[in-house]
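Student:
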Amino acid sequence: MADIVFEEIECRSAVHRVQAADLPFRWAANPYRAGAQPCGYCAGDAEGASRVVVKVNTADALRRDLARPEWRRETVAIGTACEPYHAAELRYSLTHRLLKVLRDAANPATLFTRSVLVARDADVLVELAAAADVSVVFPMATLDDELRRRIEPASDPVDRRLRAMEQLATAGVRCGVLLAPVAPGLTDDPAGLGRVVEAARSHGASFLHPNVLYLRPGTREWSMPLLREAYPHLVDRYAADYRGPHGARTFTQDVHRMIDELRERFGLARAAEVSRAGGQLQLAM
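Quick note on numbering: the numbering used here labels position 100 of the sequence shown as 295, and the sequence is numbered without any gaps.
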């Protein structure tokens, strides 16, 4: 944490409208900006290895937002723009405080995280789940820890995420997996994805959604150097398939077909809570 600079700011409002029309939630609250868990496909998280903007009054702002007469208790998503449990959370506990505000207001919530620190908030999440609809979504795409360290070098190991999910699910919190990023030549192996889905099911996941790698501006600048350094044999494929932010349509269709079959085999539901916009943990996922 000593290498991270925390820039404290105050916000007028904690919630902001989510622009993506394909998402089932319209509102998000992100207590931090940038991230302290850099990965090869998340521009915001990579920047955050050295600098994190901290919205120090975000819990009080959320309380005011939820008390507005026009508020209709719509789902608030946390973790759509930045990992909500990175190093800043150890100092500021803003995600914990947001969850307590949502619990007190009995307001629905969806939480996206790659961090096992979420288990610290099991009691608050259980109380929130008793009062409102709540889901915790764990992004993961491989059980290969060497590969995980390359594409998500500061994220928690997937086996630890699975145990955290199991702890929450056993306590009564609905949990699921965002299978992300499904990246061509890296995390798209059918057998490997099958092992992830099987592990998710055995650790308490009740829903699953795939997210094919999406290279938005900024993300590309971080991911392509990773490919050139660690996976040079994939550079030409990505240059051809990712002329824009989306990969080849046939690849996306094949992935969704494969996940549909795995979902059916292991008895997992579809997840309305997650989609492309949530998958990059830019989520901004």
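In this text, a Cβ means the ideal position worked out from N, Cα and C, and glycines have one as well. Computed from a predicted model, the values in this text were never measured in an experiment.
Roughly how many whole angstroms lie between the Cα atoms of E459 and L357?
Tutor: As a first step, residue 459 is located in the sequence shown; it is residue number 264 there, counting from the start. As a first step, residue 357 is located in the sequence shown; it is residue number 162 there, counting from the start. Taking the straight line from one Cα to the other gives about 20 Å.
Student: Give every residue of the same chain whose Cβ lies closer than 7 Å to the Cβ of V311, excluding the five residues on either side of it in the sequence, and list them in chain order.
Tutor: Counting from one through the sequence shown, the residue named residue 311 turns up at place 116. Around V311: D351, R355, R356 and A359.
Student: Let me confirm a value: E284 is counted as buried when at least 16 other C-beta atoms fall within 10 Å, else exposed. Which label applies?
Tutor: For this step, residue 284 is matched to residue 89 along the sequence shown. So E284 counts as buried.
Student: Answer with buried or exposed for D198, where buried requires no fewer than 16 other C-beta atoms within 10 angstroms of its C-beta.
Tutor: On the sequence shown, residue 198 is found 3 positions in, with the first residue counted as 1. Exposed, because fewer than 16 other Cβ atoms sit within 10 Å of the Cβ of D198.
Student: Does the stretch 419-436 come into contact with the stretch 450-465, if we say contact requires no fewer than three beta-carbon pairs (one atom in each stretch) closer than 8 Å?
Tutor: Short answer: they don't touch.
Student: Tell me which same chain residues have a C-beta within less than 8 Å of the C-beta of S245, skipping the five on either side of it?
Tutor: For this step, residue 245 is matched to residue 50 along the sequence shown. For S245, where only same-chain residues beyond five positions count, the Cβ hits under 8 Å are D198, I199 and V200.
Student: Under three-state DSSP, which class holds T445?
Tutor: The sequence position of residue 445 within the sequence shown is 250, counting from 1. Helix, per DSSP.
Student: Excluding sequence positions up to five away, which residues of its chain have a Cβ less than 6 Å from the Cβ of T382?
Tutor: Position 187 of the sequence shown holds residue 382. A336 and T337.
Student: Alpha carbon to alpha carbon, how far is G274 from P219?
Tutor: Translated into positions along the sequence shown, residue 274 becomes position 79. Translated into positions along the sequence shown, residue 219 becomes position 24. When rounded, the distance between both Cα atoms is 15 Å.
Student: Determine the contact status of L297 and V331, defining contact as a CB-CB distance below 9 Å.
Tutor: Numbered from 1 along the sequence shown, position 102 holds the residue referred to as residue 297. Numbered from 1 along the sequence shown, position 136 holds the residue referred to as residue 331. No, the Cβ-Cβ distance between L297 and V331 is not below 9 Å.
Student: Going by DSSP, name the residue or residues bridged to F220.
Tutor: Taking the first residue of the sequence shown as position 1, residue 220 is located at position 25. Paired residues: none, contrary to the question.
Student: Please give me, in chain order, every unbroken run of the beta strand (DSSP E) with length at least 3 that falls completely inside the stretch 300-378.
Tutor: Listed in chain order, they are 304-307, 329-335 and 369-377.
Student: In terms of residues, what are the limits of the alpha helix (DSSP H) holding E269?
Tutor: As a first step, residue 269 must be located in the sequence shown, where it is residue number 74. Note, E269: premise wrong, no alpha helix (DSSP H); not H, not E.
Student: For the beta strand (DSSP E) that contains P405, what are its first and last residues?
Tutor: Translated into the one-based positions of the sequence shown, residue 405 becomes position 210. Here the beta strand (DSSP E) through P405 covers F402 to V407.
Student: For A300 and E361, I'd like the C-alpha separation in whole angstroms.
Tutor: Within the sequence shown, the letter at position 105 stands for residue 300. Within the sequence shown, the letter at position 166 stands for residue 361. So the alpha carbons of these two residues sit roughly 26 Å apart.
Student: Within a Cβ cutoff of 8 Å, which residues of the same chain sit near I204, ignoring the five residues on either side of it in sequence?
Tutor: For the purposes of this step, residue 204 is identified with residue 9 of the sequence shown, where counting begins at 1. Same-chain partners within the cutoff: V248, V249, K250 and V251.
Student: With DSSP as the reference, label A231 as helix, strand or coil.
Tutor: Stepping through the sequence shown from its first residue, residue 231 is reached at position 36. Confidence in A231 is poor, its pLDDT being 42 and thus under 50, which makes the residue's placement unreliable; the coordinate value appears in the next sentence. It is coil, neither helix nor strand.
Student: Is it buried or exposed, P264, if we count other Cβ atoms within 10 angstroms and call 16 or more buried?
Tutor: For this step, residue 264 is matched to residue 69 along the sequence shown. The residue is exposed, with fewer than 16 neighbouring Cβ atoms inside 10 Å.
Student: Can you tell me where the beta strand (DSSP E) with V210 in it begins and where it stops?
Tutor: Taking the sequence shown and counting its residues from 1, the one referred to as residue 210 is at position 15. Here the beta strand (DSSP E) through V210 covers V210 to R212.
Student: Considering only the beta carbon of each residue, do F333 and C370 sit closer than 9 Å?
Tutor: On the sequence shown, residue 333 is found 138 positions in, with the first residue counted as 1. On the sequence shown, residue 370 is found 175 positions in, with the first residue counted as 1. Yes, these two residues count as a Cβ contact at 9 Å.
Student: Quick one: is A215 buried, meaning 16 or more other Cβ sit within 10 Å of its Cβ, or exposed?
Tutor: On the sequence shown, residue 215 is found 20 positions in, with the first residue counted as 1. The residue is exposed, with fewer than 16 neighbouring Cβ atoms inside 10 Å.
Student: Give a yes or no on whether the C-beta atoms belonging to L403 and L374 are separated by under 9 Å.
Tutor: The residue you call residue 403 lines up with position 208 of the sequence shown. The residue you call residue 374 lines up with position 179 of the sequence shown. In this structure, L374 lies closer than 9 Å to L403 by Cβ.
Student: Note the first and the last residue of the continuous alpha helix (DSSP H) segment covering V391.
Tutor: Mapped onto the sequence shown, residue 391 falls at position 196. First-last of the alpha helix (DSSP H) with V391: P385 to S397.
Student: Give me the DSSP bridge partner(s) of A464.
Tutor: For the purposes of this step, residue 464 is identified with residue 269 of the sequence shown, where counting begins at 1. Partner(s): F402.
Student: In terms of alpha-carbon separation, which member of V319, N225 and E322 lies closest to F307?
Tutor: Residue numbering aside, residue 307 sits at position 112 when the sequence shown is read from its first letter. Comparing Cα positions, the closest option is N225.
Student: Should R452 be labelled buried (16 or more other beta-carbon atoms within 10 Å of its own) or exposed?
Tutor: Taking the first residue of the sequence shown as 1, we reach residue 452 at position 257. It counts as exposed.
Student: Near L294, which residues of its chain fall below 8 Å by C-beta distance, leaving aside the five closest residues on each side in sequence?
Tutor: The residue labelled residue 294 in the question sits at position 99 within the sequence shown. Hits under 8 Å: I273, A304, L306, D316, V319, L320 and L323.
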